[in-house]
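> The structure that follows is given in the form of structure tokens.
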Amino acid sequence: MIIRPLTVFEREAVRNFYLALSPEDRRKRFCCSLSDETISGYVDRLNFTRDTILAVFDEQAELVGLAELVRGAEAGEMAFSVRPDKRGRKIGTKLMQRLLLRARMCGIEKVFVLFLSDNTPMRRMAVSAGMALSSVDGEARAARELPAPSAEELAHWFIEEALSHGGYFGTLGPVDIHRMRRVASKCG
Numbered sequence: 054m055i056i057r058p059l060t061v062f063e064r065e066a067v068r069n070f071y072l073a074l075s076p077e078d079r080r081k082r083f084c085c086s087l088s089d090e091t092i093s094g095y096v097d098r099l100n101f102t103r104d105t106i107l108a109v110f111d112e113q114a115e116l117v118g119l120a121e122l123v124r125g126a127e128a129g130e131m132a133f134s135v136r137p138d139k140r141g142r143k144i145g146t147k148l149m150q151r152l153l154l155r156a157r158m159c160g161i162e163k164v165f166v167l168f169l170s171d172n173t174p175m176r177r178m179a180v181s182a183g184m185a186l187s188s189v190d191g192e193a194r195a196a197r198e199l200p201a202p203s204a205e206e207l208a209h210w211f212i213e214e215a216l217s218h219g220g221y222f223g224t225l226g227p228v229d230i231h232r233m234r235r236v237a238s239k240c241g
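Residue numbers for the sequence shown follow our numbering, beginning at 54 and rising by one.
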């Protein structure tokens with residue numbers, strides 16, 4: 054599994070991922086039912102330069118999960134979606150961990166997630182990430198203050214970034230990726 058940020062050149066992959074979601078999965082991701090046209094418009098407005106869109110790719114290089122961090126004036130808003138056939142493998146949790154570190158690296162001091170109260174997996178993810186929960190009229194909000202990253206966390210992030218890009222594009226050549234990951238895990 055590879056987690057890496059997407060670029061503007063991968064906008065169509067994001068569009069295809071969201072359009073493939075079932076009506077129920079769209080409702081859970083966007084907190085309401087959305088048409089194909091509305092989703093397409095949403096994807097057209099994504100700012101890949103200002104915001105962070107992380108993707109998870111499986112061993113066949115198929116996009117299986119997305120996480121977004123949209124920077125706001127007061128806090129960063131996060132959102133998550135994992136393909137139904139890949140759920141239950143902690144993909145969302147890994148995306149949450151990477152997005153929280155990315156937010157910290159970008160100097161974001163507070164993050165939040167909005168989700169429907171009946172979205173139990175999202176609730177569990179938020180609680181496990183140490184977020185405070187509140188709920189009103191069927192919608193939940195999870196929020197958390199973020200400390201600045203440590204030097205070790207920065208080192209771990211940069212190693213993981215290099216590995217994810219190299220692993221996906223095949224540019225690392227004979228480098229032992231598993232050994233590099235063990236080194237990275239000792240940094241954070």
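Even glycine gets a Cβ: it sits at the ideal position worked out from N, Cα and C.
For the beta strand (DSSP E) that E192 lies in, which residues bound it at each end?
Residue mapping note: residue 192 aligns to position 139 of the sequence shown, counting from 1. E192 -> beta strand (DSSP E) spans 192-198.
> With V298 and V117 assumed to form a contact (beta carbons below 8 Å), what rounded beta-carbon distance in angstroms separates them?
Lying outside 54 to 241, the shown extent of the chain, residue 298 is not represented and no answer is given.
> Check for me: the alpha helix (DSSP H) holding L152 runs from which residue to which?
By 1-based counting over the sequence shown, the position of residue 152 is 99. It spans 144-158 - the alpha helix (DSSP H) in which L152 sits, taken as one unbroken run.
> Locate the alpha helix (DSSP H) running through L119, then write down its first and last residues.
Residue mapping note: residue 119 aligns to position 66 of the sequence shown, counting from 1. Here L119 belongs to no alpha helix (DSSP H); instead the beta strand (DSSP E) covers 116-124.
> Which one or two residues does DSSP pair with L167 in a beta bridge?
By one-based count along the sequence shown, residue 167 stands at place 114. According to DSSP, L167 bridges with R194.
> Please say whether L148 and I92 have beta carbons closer to each other than 8 Å?
What you label residue 92 is simply residue 39 of the sequence shown in a count that begins at 1. What you label residue 148 is simply residue 95 of the sequence shown in a count that begins at 1. No, the Cβ-Cβ distance between I92 and L148 is not below 8 Å.
> For F133, is the classification buried or exposed, using 16 other Cβ atoms within 10 angstroms of its Cβ as the cut-off for buried?
Your numbering for residue 133 matches position 80 in the sequence shown. Answer is buried; the Cβ neighbour count reaches 16.
> Based on the DSSP secondary-structure assignment, which residues constitute the bridge partners of G129?
Residue numbering aside, residue 129 sits at position 76 when the sequence shown is read from its first letter. DSSP lists R124, V164 as partners of G129.
> On the DSSP bridge list, what partners appear for T105?
The count along the sequence shown starts at 1 and reaches residue 105 at position 52. Beta-bridge pairing links T105 to L122.
> Rounded to the nearest angstrom, what separates D78 and E205 at their Cα positions?
Mapped onto the sequence shown, residue 78 falls at position 25. Mapped onto the sequence shown, residue 205 falls at position 152. For D78 and E205, the gap between their C-alpha atoms comes out near 36 Å.
> Determine the contact status of A201 and F165, defining contact as a CB-CB distance below 8 Å.
For the purposes of this step, residue 201 is identified with residue 148 of the sequence shown, where counting begins at 1. For the purposes of this step, residue 165 is identified with residue 112 of the sequence shown, where counting begins at 1. No.
> Would you kindly work out how many angstroms separate the C-alpha atoms of I161 and R124, rounded to a whole number?
As a working note, residue 161 is residue 108 in the sequence shown. As a working note, residue 124 is residue 71 in the sequence shown. Whole-angstrom Cα-Cα distance: 8 Å.
> Between which two residues does the beta strand (DSSP E) carrying S188 extend?
The residue given as residue 188 occupies position 135 in the sequence shown. Unbroken beta strand (DSSP E) run through S188: 185-189.
> For R57, which of helix, strand or coil comes out of DSSP?
One-based indexing of the sequence shown puts residue 57 at position 4. Here R57 sits in strand by DSSP.
> Hey, would you say V67 sits closer than 8 Å to L119, going by beta carbons?
Walking along the sequence shown from the start, residue 67 turns up at place 14. Walking along the sequence shown from the start, residue 119 turns up at place 66. Cβ distance < 8 Å, so V67 and L119 count as in contact.
> Could you have a look at S93 and say whether DSSP puts it in helix, strand or coil?
Here residue 93 is taken as the residue at index 40 of the sequence shown, counted from 1. Three-state result, S93: helix.
> If you draw a straight line from the C-alpha of A156 to the C-alpha of N172, how long is it?
Residue mapping note: residue 156 aligns to position 103 of the sequence shown, counting from 1. Residue mapping note: residue 172 aligns to position 119 of the sequence shown, counting from 1. Straight-line Cα distance between these residues: approximately 23 Å.
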